[in-house]
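A.B. asks: First the structure, which I've put down as structure tokens, then a few questions once you've had a look.
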Amino acid sequence: SHIKSIFDNAFVEAIRFAPSVIVFDDLDALLPAANSGAEEDSQTVWLAEYVESLLCDYRSKSEEFEKIATPYMLENDENNRAMKTKSSSLEKVEINWTLRSVAWVATGKGKRRLRSSLLRCGLFDETVEIEPLNSADRAHVLEAIINYRGFESVYKHEHGVLINGGSSSPKLQHRPRGINSYKADLEDIAAMAEGYCPADLVTLTDRAMHAYFVRMIDNTNDKDKSLHQRDFETALVGYTPASLIGASLAKSDTKWSDVGGLDEVRRVLKETLELPLQYAALYERSPQRLASGILLYGPPGCGKTLLAGAVAAECGLNFISVKGPEVLNKYIGASEQAVRDLFSRGAAAAPCVLFFDEFDAVAPKRGNDSTGVTDRVVNQLLTFLDGVESRTGVYVMAATSRPDLVDPALLRPGRLDKQLLCGFPTVRERTSILQAVAAKMDLTEDAVAELANIASSKEAELFTGADLQALLYSAQLETIHTQIPEHSMSSLDDDGTDETKTVQADKNKNKVFSVPKIAVSNLRRALEQSRPSVSRVERDRYNKIYQAFKGDRTADFDAVSGFPDGKLRTALK
4 SHIKSIFDNA
14 FVEAIRFAPS
24 VIVFDDLDAL
34 LPAANSGAEE
44 DSQTVWLAEY
54 VESLLCDYRS
64 KSEEFEKIAT
74 PYMLENDENN
84 RAMKTKSSSL
94 EKVEINWTLR
104 SVAWVATGKG
114 KRRLRSSLLR
124 CGLFDETVEI
134 EPLNSADRAH
144 VLEAIINYRG
154 FESVYKHEHG
164 VLINGGSSSP
174 KLQHRPRGIN
184 SYKADLEDIA
194 AMAEGYCPAD
204 LVTLTDRAMH
214 AYFVRMIDNT
224 NDKDKSLHQR
234 DFETALVGYT
244 PASLIGASLA
254 KSDTKWSDVG
264 GLDEVRRVLK
274 ETLELPLQYA
284 ALYERSPQRL
294 ASGILLYGPP
304 GCGKTLLAGA
314 VAAECGLNFI
324 SVKGPEVLNK
334 YIGASEQAVR
344 DLFSRGAAAA
354 PCVLFFDEFD
364 AVAPKRGNDS
374 TGVTDRVVNQ
384 LLTFLDGVES
394 RTGVYVMAAT
404 SRPDLVDPAL
414 LRPGRLDKQL
424 LCGFPTVRER
434 TSILQAVAAK
444 MDLTEDAVAE
454 LANIASSKEA
464 ELFTGADLQA
474 LLYSAQLETI
484 HTQIPEHSMS
494 SLDDDGTDET
504 KTVQADKNKN
514 KVFSVPKIAV
524 SNLRRALEQS
534 RPSVSRVERD
544 RYNKIYQAFK
554 GDRTADFDAV
564 SGFPDGKLRT
574 ALK
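My numbering applies: residue 4 is where the sequence shown begins, and numbers increase by one.
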């Protein structure tokens, strides 16, 4: 009843002060779209029906009044005044005419998030999507904010495109005391403020002014009363734009140096993602559409996920990792909505990488799913990858060990058109992987030299990158075990009860142990105990699949792979 009275009062006030506009802010939070097959809250259903009836009733009455009032409104004012004196009913019509001067606007996070019945004709006729600001937009917003504050520009852009010397009539009442002008390249600042909305840019300007005052306090001899570039750069540090607050972004600290081998794959990734970001102005002049979809395929444990994390960290991109269960949903329309939400999150966090792991489970070949869920997911992905839906600044990377199971339509030009093989490492690549992992460990000089021998040994011939990493971790763990006193370890009685030397453990609780460096003997013992995660038979099957995938996309992969029903079964020793 309280919400109902709020709506009623809003319309009464709007009609009273017409012409007017009623703004329903975040209406999708109050009347969200219903999930197909899910049970709805009765109160939400009742409220939605009431709002619909209220809007429909108002619209029908206003149309009726318009038909009555139009003939009178077309006559001149003198005739209208004469008719008013003769007819009291006309006065009523003229009062009701004001109903046509009331409009309503609703805001929300997305058209599909609002209850569908409210979008029918006559309630909300027009839908306007506010796109995220691009770099040029942010620069113009910054200029408007600074001009509003009354700062005069003493910095001239070398091209004379953006900055025109400040506002011709600065509003001195909005200028903070002590700051007269600014010396900053707004285009550079806008490029660094990816994902910022206008409200964020206002806050950024306030933080820059705060940085200016701090700088003045630290250096009282500085008489320059201008905002500098470094003030804005200081303001950017530690600030999270509104679009990223609460966003579940994956953190990646992986560097290119952490990735061993895969030199050719790294080169292509740098050319595709890193260079266009570093030289954005140059690439924007290119008439062709830049590639922004990449498929990494290869056997398990060969660095596909590691590469995706390195790309995000090295290129300064936000990283959103997507798993199959996050997308697939049994309710009709829910899976497609999940895909749309993912790309919306990506656009809000741009520039960013959307990384789909185990892509063959998310987007398999259409027609093989009896429920049709994955078919609809593939169709929705095609909509975004084709560019029908804008995804500026959103790069899509997918990883799979079975590229033959992915729907071929997703791999055509303009979509995931760059397919990069992360294959089994060669001897040289195994050495590079061991050295990359060992760089974060403490090894003796002899052990470092031994890495090349281990990489070329017969025992490590079938090892993947993950196996080689596990080998070094096992060697590290062995050195730790050598420092644990034997009498402090747990022992079992004949009856199986655990007799832990708790008193001795308490004595060693705060004792500082020095972990020795990994020696050659530790590496050798770890090598003897390690087994490849992919057997030779499976290795041969993978190689056949990848050769057929690169050679002929229409080949019978099930026959080539040797896996029953095209499915992979991995046995770890």
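Beta carbons: idealized from backbone N, C-alpha and C, even for Gly.
Quick caveat: nothing in here was measured; it's all calculated off a predicted structure.
How would you write the range of the beta strand (DSSP E) that Ile-436 sits in, first residue to last?
C.D. replies: Residue 436 sits at position 433 when you count from the first residue of the sequence shown. Looking at the DSSP string, Ile-436 is not in any beta strand (DSSP E); the run it does join, the alpha helix (DSSP H), is 430 to 441.
A.B. asks: Could you spell out the range, first to last residue, of the beta strand (DSSP E) harbouring Ile-323?
C.D. replies: Here residue 323 is taken as the residue at index 320 of the sequence shown, counted from 1. It spans 321 to 325 - the beta strand (DSSP E) in which Ile-323 sits, taken as one unbroken run.
A.B. asks: The alpha helix (DSSP H) spanning Tyr-286 covers which residue range?
C.D. replies: Against the sequence shown, residue 286 aligns to sequence position 283. Taken as a continuous stretch (DSSP letters only), the alpha helix (DSSP H) holding Tyr-286 covers 283 to 287.
A.B. asks: With distances taken between CB atoms, is the gap from Pro-354 to Leu-280 smaller than 8 Å?
C.D. replies: For the purposes of this step, residue 354 is taken as the residue at position 351 of the sequence shown. For the purposes of this step, residue 280 is taken as the residue at position 277 of the sequence shown. Yes.
A.B. asks: How far does the beta strand (DSSP E) with Gln-422 in it extend, from its first residue to its last?
C.D. replies: Translated into the one-based positions of the sequence shown, residue 422 becomes position 419. 421 to 424 is the span of the beta strand (DSSP E), which, as asked, contains Gln-422.
A.B. asks: By DSSP's criteria, His-231 is part of a beta bridge. Which residues make up the other side?
C.D. replies: Taking the sequence shown and counting its residues from 1, the one referred to as residue 231 is at position 228. The partner list for His-231 (beta bridge, DSSP) reads Lys-186.
A.B. asks: One question on the structure: do Ala-478 and Ala-439 come within less than 8 Å of each other, judged by their Cβ atoms?
C.D. replies: As a position in the sequence shown, residue 478 is number 475, starting the count at 1. As a position in the sequence shown, residue 439 is number 436, starting the count at 1. Cβ distance not < 8 Å, so Ala-478 and Ala-439 don't count as in contact.
A.B. asks: Give the range of the beta strand (DSSP E) segment to which Phe-359 is assigned.
C.D. replies: If you number the sequence shown from 1, residue 359 lands on position 356. Looking at the DSSP string, the run of the beta strand (DSSP E) that includes Phe-359 is 355 to 359.
A.B. asks: With burial defined as no fewer than 16 other Cβ atoms inside 10 Å of the residue's Cβ, what is the status of Ile-192: buried or exposed?
C.D. replies: Position 189 of the sequence shown, counted from the start, is the residue given in the question as residue 192. By the 10 Å Cβ count, Ile-192 comes out buried.
A.B. asks: Measuring alpha carbon to alpha carbon, tell me which residue in Gly-319, Ala-469, Thr-485 is nearest Ala-522.
C.D. replies: Against the sequence shown, residue 522 aligns to sequence position 519. Of the listed residues, the one whose Cα sits closest to Ala-522 is Thr-485.
A.B. asks: Please identify the residue among Leu-320, Glu-317, Gly-375 whose C-alpha is closest to the C-alpha of Leu-331.
C.D. replies: Taking the sequence shown and counting its residues from 1, the one referred to as residue 331 is at position 328. Here the closest residue by C-alpha is Gly-375.
A.B. asks: CB-CB under 8 Å to Val-205, same chain, minus the five flanking residues each way: which ones, in chain order?
C.D. replies: Reading the sequence shown from its first residue, position 202 is the one you call residue 205. Once the five neighbours on either side are set aside, the close Cβ partners of Val-205 are Ile-148.
A.B. asks: Where does Pro-244 fall in DSSP's three states?
C.D. replies: The residue you call residue 244 lines up with position 241 of the sequence shown. Correct three-state label for Pro-244: coil.
A.B. asks: Using the DSSP secondary-structure output, state which residues sit across from Trp-49 in a beta bridge.
C.D. replies: As a position in the sequence shown, residue 49 is number 46, starting the count at 1. Trp-49 is not bridged to any residue.
A.B. asks: How should Lys-7 be labelled, buried or exposed, when 16 other C-beta atoms within 10 angstroms of its C-beta is the threshold for buried?
C.D. replies: Locating residue 7 in the sequence shown gives position 4, counting from the first residue. It counts as exposed.
A.B. asks: With DSSP collapsed to three states, give me the class of Arg-19.
C.D. replies: Sequence index remark: in the sequence shown, residue 19 carries index 16 (1-based). Looking at Arg-19 - three-state DSSP - the assignment turns out to be helix.
A.B. asks: If Ser-255 and Phe-322 are in contact, beta carbons under 8 Å, what's the gap, nearest whole angstrom?
C.D. replies: As a position in the sequence shown, residue 255 is number 252, starting the count at 1. As a position in the sequence shown, residue 322 is number 319, starting the count at 1. 5 Å between Cβ atoms; contact.
A.B. asks: Are there 16 or more other CB atoms within 10 angstroms of the CB of Ile-9, so buried, or fewer, so exposed?
C.D. replies: Here the question's residue 9 lines up with position 6 in the sequence shown. With fewer than 16 Cβ atoms within 10 Å of its Cβ, Ile-9 is classed as exposed.
A.B. asks: Which residue comes first and which comes last in the alpha helix (DSSP H) that contains Val-380?
C.D. replies: On the sequence shown, residue 380 is found 377 positions in, with the first residue counted as 1. Residues 376 to 388.
A.B. asks: Within a Cβ cutoff of 6 Å, which residues of the same chain sit near Trp-595, ignoring the five residues on either side of it in sequence?
C.D. replies: Residue 595 falls outside the range modelled here, since the chain spans only 4 to 576, and no answer is possible.
A.B. asks: With a cut-off of 8 Å, does the C-beta of Phe-235 fall near any C-beta of chain B?
C.D. replies: Within the model displayed, chain B is absent; a lone protein chain is all it includes.
A.B. asks: What residue does the beta strand (DSSP E) around Ala-109 start on, and which one ends it?
C.D. replies: Along the sequence shown, one-based indexing puts residue 109 at 106. Where Ala-109 is concerned, the enclosing beta strand (DSSP E) stretches over 105 to 109.
A.B. asks: For Gly-312, which of helix, strand or coil comes out of DSSP?
C.D. replies: The sequence position of residue 312 within the sequence shown is 309, counting from 1. Three-state result, Gly-312: helix.
A.B. asks: For Asp-449, which residues of its own chain have a beta-carbon under 8 Å away from its beta-carbon, when the five flanking residues on both sides are left out?
C.D. replies: To locate residue 449, count along the sequence shown from 1; it is residue 446. Same-chain partners within the cutoff: Ala-522, Val-523.
A.B. asks: Residues in the same chain with beta-carbon distance under 6 Å from Phe-235, minus the five sequence neighbours each way, listed in chain order, please.
C.D. replies: Reading the sequence shown from its first residue, position 232 is the one you call residue 235. Excluding positions up to five away in sequence, the list reads Ala-187, Ile-192, Ala-211.
A.B. asks: Rounded to the nearest angstrom, what separates Thr-434 and Leu-480 at their Cα positions?
C.D. replies: What you label residue 434 is simply residue 431 of the sequence shown in a count that begins at 1. What you label residue 480 is simply residue 477 of the sequence shown in a count that begins at 1. Distance between the alpha carbons of Thr-434 and Leu-480 is about 21 Å.
A.B. asks: Looking at Ala-366 and Asp-407, is the spacing between their C-beta atoms short of 8 Å?
C.D. replies: As a first step, residue 407 must be located in the sequence shown, where it is residue number 404. As a first step, residue 366 must be located in the sequence shown, where it is residue number 363. Taking 8 Å as the Cβ cut-off, Asp-407 and Ala-366 do not qualify as a contacting pair.
A.B. asks: Expressed to the nearest angstrom, what Euclidean distance is found between the alpha-carbon atoms of Gln-422 and Met-219?
C.D. replies: The residue you call residue 422 lines up with position 419 of the sequence shown. The residue you call residue 219 lines up with position 216 of the sequence shown. Taking the straight line joining both Cα atoms gives about 54 Å.
A.B. asks: When you compare only the Cα positions, how much space is there between Tyr-300 and Ala-455?
C.D. replies: Against the sequence shown, residue 300 aligns to sequence position 297. Against the sequence shown, residue 455 aligns to sequence position 452. C-alpha separation (whole angstroms): 27 Å.
A.B. asks: Could you tell me which of Leu-309, Leu-414, Val-240, Ala-402 sits nearest to Asp-389, measuring between CA atoms?
C.D. replies: Taking the sequence shown and counting its residues from 1, the one referred to as residue 389 is at position 386. Checked all of Leu-309, Leu-414, Val-240, Ala-402; the closest Cα to Asp-389 is Leu-414.
A.B. asks: If you reduce the DSSP assignment to three classes, tell me which class Pro-367 lands in.
C.D. replies: Indexing the sequence shown from 1 puts residue 367 at position 364. DSSP places Pro-367 in strand when its eight states are reduced to three.
A.B. asks: Quick check on DSSP: helix, strand or coil for Leu-34?
C.D. replies: Within the sequence shown, the letter at position 31 stands for residue 34. Three-state result, Leu-34: coil.
A.B. asks: Would you be able to state if there are at least three C-beta pairs under 8 Å between the stretch 44 to 60 and the stretch 110 to 121?
C.D. replies: With the cut-off at 8 Å, the stretch 110 to 121 and the stretch 44 to 60 touch.
A.B. asks: In three-state terms, what does DSSP make of Ile-521?
C.D. replies: Here residue 521 corresponds to residue number 518 of the sequence shown, with the count starting at 1. Three-state result, Ile-521: strand.
A.B. asks: Based on the DSSP secondary-structure assignment, which residues constitute the bridge partners of Leu-298?
C.D. replies: Start at 1 with the first residue of the sequence shown, and residue 298 comes out as number 295. Looking at the DSSP assignment, Leu-298 forms a beta bridge with Ala-401, Gln-422.
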